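A short worksheet on the structure shown next.
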Amino acid sequence: MSFIPESETTAPNLFDLTGKVALISGASGFLGSAMSRALAEAGANVVVSSRSAETAQKVANQLPAKEGQNHFGVELNHLEESSIHSGFQDAVDKAGQVDILINNGHAPLGEDWKSVTFDQFKDHQINLAGYFELSRLTYQHAVERKVPASIVLLGSMYGVVG
Ligand SMILES: NC(=O)c1ccc[n+]([C@@H]2O[C@H](COP(=O)([O-])OP(=O)(O)OC[C@H]3O[C@@H](n4cnc5c(N)ncnc54)[C@H](OP(=O)(O)O)[C@@H]3O)[C@@H](O)[C@H]2O)c1
Numbered sequence: 013m014s015f016i017p018e019s020e021t022t023a024p025n026l027f028d029l030t031g032k033v034a035l036i037s038g039a040s041g042f043l044g045s046a047m048s049r050a051l052a053e054a055g056a057n058v059v060v061s062s063r064s065a066e067t068a069q070k071v072a073n074q075l076p077a078k079e080g081q082n083h084f085g086v087e088l089n090h091l092e093e094s095s096i097h098s099g100f101q102d103a104v105d106k107a108g109q110v111d112i113l114i115n116n117g118h119a120p121l122g123e124d125w126k127s128v129t130f131d132q133f134k135d136h137q138i139n140l141a142g143y144f145e146l147s148r149l150t151y152q153h154a155v156e157r158k159v160p161a162s163i164v165l166l167g168s169m170y171g172v173v174g
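Each residue of the sequence shown is one higher than the one before, counting from 13 in the working numbering.
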């Protein structure tokens with residue numbers, strides 16, 4: 013006799029993303045490429061973005077795909093509002109929907125408060141505005157579809173160390 017309720021989900025089901033579409037920015041990078049692969053392995057159709065359309069397509073082509081699973085590449089730059097909007101629309105046009113957003117794209121910046129330039133600091137903040145705008149587009153898209161969505165924002169422990 014089992015004490016597990018029939019409604020209880022299984023561990024593999026908890027991580028199964030079959031039928032979901034995940035949009036991940038900065039997918040050509042160190043963490044982005046690993047996370048894109050993990051999303052594809054979990055069954056999601058993955059839309060990878062890069063500031064270069066060619067790079068995005070190359071990364072998408074390298075992702076593992078089972079039968080019926082499709083991955084796409086879109087061009088998207090967090091520092092440009094028009095690019096965020098066209099990149100998100102391109103993702104929806106190509107994949108049909110976006111259920112999961114991973115805000116990950118970011119230019120590495122190793123400066124501290126004593127050496128960072130005004131323009132470096134400004135770009136850092138604009139990139140954050142890019143995360144916000146993409147999150148808002150994902151929210152609006154989910155509300156229109158009347159379905160839930162998941163939004164993940166990459167941060168850093170250095171945000172609290174300072
Ligand atoms: N690695 C770590 O140990 C670590 C630690 C703490 C936090 N993080 C955070 O994790 C995220 C990824 O880090 P990572 O180490 O994987 O960095 P990474 O290897 O430099 O990759 C970041 C990717 O972001 C993309 N990117 C750069 N500027 C962009 C922009 N303006 N708009 C859209 N995409 C842009 C680049 O792709 P394209 O050139 O193809 O556009 C790049 O491949 C970042 O947000 C970073 O702050 C990383």
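We put the CB at the ideal spot given by N, CA and C, even for glycine. Remember, predicted model here, so these are calculated numbers, not experimental data.
About 7 Å separates the beta carbon of valine 71 from that of serine 45, a gap short enough to meet the 8 Å contact definition. At a Cβ-Cβ threshold of 8 Å, aspartate 102 and alanine 34 do not count as neighbours. The secondary-structure analysis by DSSP pairs valine 60 across a beta bridge with Ile36 and Gly85.
Nearest C-alpha to isoleucine 114 among Gly38, Asp28, Asn25 and Thr30: Gly38. Between the C-alpha atoms of leucine 29 and lysine 126 there is a straight-line separation of about 44 Å. Annotation for isoleucine 163: the continuous beta strand (DSSP E) segment containing it runs 162 to 165.
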